[in-house]
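Here is the structure we will look at.
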Ligand SMILES: [Zn+2]
């Protein structure tokens, strides 16, 4: 059975407060922050993008497990903010960690769930014996149009998972996906910012697909919600995953450990992988984790993950990245995100 | 600091720019960065071997750039440093995610992977090493 051999996270150092953005647009900061359940969001440095964040997360995953990068047979990078329209992020990341040239590699896109789709691909490669280790990464440096509600949450970060069979620190017991064509969110080629079909964002998008994937996983495995010690749901804001948990009767304590959006914003493809990494940082052997991602367009990937006795201290825990922060003014933020064209 | 050069010359230096691969002389134990295929001390007795730097070191000296070269206008002020690697080689590189008031000689740094520059009008993006204060040194 394929499992997680190593994992690594990375979150850029800069933050902007929701309050700072709201002031610029003359909005009620407290109402917006409270409504979204988000206090601040991460902002990449000028020299950071999906490729650099993915590379840092992958290096951290290698540091965690100590495997030889030459043994990695597949690299898949999931993101909706790949720096190139044509030219893979995966080749640069693979070269930077020393995994080339005997390697399968490609980029994935599925709004916020491209990272978990990459994990499923690596699981299949490992289970079929095609590779010993696969590297799956979910990263984004998402952008919202200035003044658009998305601007309060679009953030940057990512996590990398080395999937294999030997010395797993957590076994992926099962995965289940739920997919439909839903017009909740999209971005056309050449457009710098996404559009959203507002009436499709909540129930027809997020809730239907997270519920569909999660319930499918429970049916497939026979697990009940009570069997899980921790739960991670995709977190476009601080409210949706809490509401989903409440509907399922999952207590708050089980979801809070992996809920990072209130402090770092929505990292899109990085969101569920980062939440899972935060849980793995504190999980003990034998504990069971439920993780369900969501990607607009739309679909959800759900996983049942059991922690093994090989789990050990993460030398670069998610908590350290969350706490390492330096604040930007709106003006500095505009410069950081290259929203001005020179 | 890696400068913008031709596509081919940048591509040839990918092992050096992405993974800090270089060479050392086994005869006298000197580590080079960038790589040399001849040791200036041992000359004909040079025994050149490949190595990859661990990526940790300290700031040997630094300068803060306020007048940028073309393409770096948004980044000013930025820091260029001579970093002394733990292996002993010294190289010039950009320091990133550092507060100017925290800068000091001897500051422990580690390698990170960043965008260096991008060609105008949809050109290729160049990636390479930069250095950043070791976590906990700069919060
Ligand atoms: Zn020598």
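Chains as they are written, first to last, in this note's numbering: chain S, 1 to 342; chain D, 1 to 139. In this text, a Cβ means the ideal position worked out from N, Cα and C, and glycines have one as well.
- Message: Is residue 30(D) near ligand 1 - that is, is its Cβ less than 6 Å away from at least one heavy atom of it?
- Response: By 1-based counting over the second chain, the position of residue 30(D) is 30. For residue 30(D), the shortest separation between its Cβ and any heavy atom of ligand 1 lies below 6 Å.
- Query: For residue 2(D), does the three-state DSSP call read helix, strand or coil?
  - Reply: Working through the second chain from its first residue, we reach residue 2(D) at position 2. Low local confidence applies: a pLDDT of 48 at residue 2(D) is under 50, so the model's placement there is unreliable, with the coordinate-based value given in what follows. Coil at residue 2(D), not helix or strand.
> Comparing alpha-carbon positions, which option in 251(S), 316(S) and 222(S) lies nearest residue 63(S)?
Replying inline: Walking along the first chain from the start, residue 63(S) turns up at place 63. Closest in C-alpha terms to residue 63(S), from the list 251(S), 316(S) and 222(S), comes 316(S).
Check: Taking only beta-carbon atoms, is residue 75(D) less than 7 Å away from chain S?
Finding: By one-based count along the second chain, residue 75(D) stands at place 75. So, interface residue.
Leaving out the 5 sequence neighbours to the left and right, which residues in its chain are closer than 6 Å to residue 26(D) when beta-carbon positions are compared?
Here residue 26(D) refers to the residue found at position 26 when the second chain is read from its first residue. Result list for residue 26(D): 47 and 49, in chain order.
Along the beta strand (DSSP E) that carries residue 130(D), what are the first and last residues, could you check?
As a working mapping, residue 130(D) is identified with position 130 in the second chain. For residue 130(D), the enclosing beta strand (DSSP E) covers residues 125-133.
Hey, quick one: how far does the alpha helix (DSSP H) through residue 127(S) stretch, first residue to last?
Position 127 of the first chain, counted from the first residue, corresponds to residue 127(S). Residues 114-127.
* Would you verify that the beta carbon of residue 113(D) is, or is not, closer than 7 Å to some beta carbon of chain S? => As a first step, residue 113(D) must be located in the second chain, where it is residue number 113. At a cut-off of 7 Å between beta-carbon atoms, residue 113(D) makes contact with chain S.
Query raised in the report: Just to check, is the beta-carbon of residue 23(D) closer than 6 Å to a non-hydrogen atom of ligand 1?
Result: If you number the second chain from 1, residue 23(D) lands on position 23. Checking every heavy atom of ligand 1 against the Cβ of residue 23(D), none is found closer than 6 Å.
Can you name, in chain order, every residue of its own chain whose Cβ lies under 7 Å from the Cβ of residue 42(D), other than the five neighbours on each side?
Your numbering for residue 42(D) matches position 42 in the second chain. Scanning its chain for C-beta atoms nearer than 7 Å, with the 5 sequence neighbours on each side dropped, one finds around residue 42(D) the residues 25, 27 and 28, in chain order.
Check: Hey, residue 52(S) and residue 19(D) are a contact pair by Cβ (cut 8 Å); roughly how many whole angstroms apart?
Finding: Residue numbering aside, residue 52(S) sits at position 52 when the first chain is read from its first letter. Residue numbering aside, residue 19(D) sits at position 19 when the second chain is read from its first letter. Not quite, the Cβ-Cβ distance comes to about 14 Å (not below 8 Å), so this is no contact.
| field | According to DSSP, residues forming a beta bridge with residue 345(S) | value | Examination of residue 345(S) is not possible in this model, given that chain S is present from 1 through 342 alone.
is_contact[residue 2(D), chain S] using C-beta, thresh 7 Å:
Stepping through the second chain from its first residue, residue 2(D) is reached at position 2. Residue confidence for residue 2(D) is low, a pLDDT of 48 falling below 50, so the modelled location carries little weight and cannot support an answer.
Inset, instruction - Compare the beta carbon distance of residue 75(S) and residue 135(S) with 7 Å and say whether it is the shorter of the two. - result: For the purposes of this step, residue 75(S) is identified with residue 75 of the first chain, where counting begins at 1. For the purposes of this step, residue 135(S) is identified with residue 135 of the first chain, where counting begins at 1. In this structure, residue 135(S) lies closer than 7 Å to residue 75(S) by Cβ.
Requested in this report: Consider the Cβ of residue 102(D): report whether some Cβ of chain S lies at a distance smaller than 7 Å.
Outcome: The residue given as residue 102(D) occupies position 102 in the second chain. Not one chain S Cβ lies under 7 Å of residue 102(D).
Using a Cβ-Cβ cut-off of less than 9 Å, give me the residues of the region 175-190 of chain S that come near chain D, in sequence order.
-> Within the region 175-190 of chain S, contact with chain D at the beta-carbon level (separation under 9 Å) is assigned to no residue.
Residue 10(S) classed as buried or exposed, judged by whether at least 16 other C-beta atoms fall within 10 angstroms:
On the first chain, residue 10(S) is found 10 positions in, with the first residue counted as 1. In the assembly as shown, residue 10(S) is a buried residue. Its beta-carbon has 16 or more other beta-carbons within 10 Å.
| message | I'd like to know if residue 139(D) contacts chain S, where contact means its C-beta is closer than 7 Å to some C-beta of that chain. | response | For this step, residue 139(D) is matched to residue 139 along the second chain. Because the pLDDT of residue 139(D) is 37, which lies under 50, any placement of that residue in the model is unreliable, and the number read from its coordinates should be weighed accordingly. Yes, because at least one Cβ of chain S sits closer than 7 Å to the Cβ of residue 139(D).
### Residues, ordered as in the chain, of the region 268-299 of chain S that lie near chain D by beta-carbon distance below 8 Å
Listed by position along the chain: nothing, the set is empty.
Taking just the CA atoms, how far does residue 100(S) sit from residue 40(D)?
Position 40 of the second chain, counting from 1, holds the residue named residue 40(D). Position 100 of the first chain, counting from 1, holds the residue named residue 100(S). For residue 40(D) and residue 100(S), the distance between alpha carbons rounds to 33 Å.
Residue 94(D): first and last residue of the uninterrupted beta strand (DSSP E) it sits in | To locate residue 94(D), count along the second chain from 1; it is residue 94. Its beta strand (DSSP E) spans residues 90-95.
Alpha carbon to alpha carbon, how far is residue 256(S) from residue 107(D)? Mapped onto the first chain, residue 256(S) falls at position 256. Mapped onto the second chain, residue 107(D) falls at position 107. Their Cα atoms are separated by approximately 36 Å.
Does residue 86(D) have its Cβ less than 7 Å from a Cβ in chain S? The sequence position of residue 86(D) within the second chain is 86, counting from 1. Judged by the 7 Å Cβ criterion, residue 86(D) is not in contact with chain S.
Check your understanding: Ends of the beta strand (DSSP E) at residue 71(S)?
Key -> What you label residue 71(S) is simply residue 71 of the first chain in a count that begins at 1. For residue 71(S), there is no enclosing beta strand (DSSP E), as DSSP marks it with neither H nor E.
- Query: For the putative contact between residue 181(S) and residue 196(S), defined by C-beta atoms under 8 Å, what is the C-beta separation to the nearest angstrom?
  - Reply: In the first chain, the residue the question calls residue 181(S) occupies position 181. In the first chain, the residue the question calls residue 196(S) occupies position 196. 16 Å between Cβ atoms; not a contact.
With distances taken Cα to Cα, identify the nearest neighbour of residue 343(S) among 31(D), 125(D) and 97(D). The structure shown does not extend to residue 343(S), since chain S is modelled only from 1 to 342, so the question has no answer here.
Worksheet entry | Bounding residues of the alpha helix (DSSP H) (the contiguous stretch that carries residue 336(S)) | To locate residue 336(S), count along the first chain from 1; it is residue 336. Per DSSP, residue 336(S) belongs to the alpha helix (DSSP H) from 330-336.
Next on the checklist: Between which two residues does the alpha helix (DSSP H) holding residue 7(S) run?
Outcome noted: For this step, residue 7(S) is matched to residue 7 along the first chain. Residue 7(S) -> not in any alpha helix (DSSP H); beta strand (DSSP E) instead, spanning 3-10.
On the DSSP bridge assignment, give the partners of residue 78(S) in chain order.
By 1-based counting over the first chain, the position of residue 78(S) is 78. BP columns for residue 78(S) point to 108(S) and 138(S).
- Query: Taking any Cβ of chain S, which residues in the region 8-25 of chain D have a Cβ under 8 Å from it, in chain order?
  - Reply: Sequence-ordered contacts of the region 8-25 of chain D with chain S read 14, 18 and 19 [C-beta pairs closer than 8 Å].
Review point. When every heavy atom of ligand 1 is checked, does at least one fall within less than 6 Å of the C-beta of residue 42(D)?
Key: Here residue 42(D) refers to the residue found at position 42 of the second chain. For ligand 1, a non-hydrogen atom lies closer than 6 Å to the CB of residue 42(D).
Does residue 308(S) come within less than 7 Å of chain D when only Cβ atoms are used? For the purposes of this step, residue 308(S) is taken as the residue at position 308 of the first chain. Residue 308(S) does not count as touching chain D.
Open item on the list: Does residue 65(S) come out as helix, strand or coil in the three-state DSSP assignment?
Closed with: Along the first chain, read from residue 1 onward, the residue named residue 65(S) stands at position 65. Looking at residue 65(S) - three-state DSSP - the assignment turns out to be helix.
Quiz prompt | Alpha carbon of residue 160(S) to alpha carbon of residue 299(S), nearest angstrom | solution = The residue you call residue 160(S) lines up with position 160 of the first chain. The residue you call residue 299(S) lines up with position 299 of the first chain. Looking at the two C-alpha atoms, the distance is approximately 21 Å.
Best match in 60(D), 56(D), 127(D) and 67(D) for proximity to residue 11(D) [C-alpha to C-alpha]: The residue labelled residue 11(D) in the question sits at position 11 within the second chain. Ranked by Cα distance from residue 11(D), the first of 60(D), 56(D), 127(D) and 67(D) is 127(D).
Checklist entry - What distance in whole Å lies between the Cβ atoms of residue 38(S) and residue 16(S), which are believed to be in contact at a cut-off of 8 Å? => result In the first chain, the residue the question calls residue 16(S) occupies position 16. In the first chain, the residue the question calls residue 38(S) occupies position 38. Cβ-Cβ separation between residue 16(S) and residue 38(S): approximately 11 Å, too far for a contact (criterion under 8 Å).
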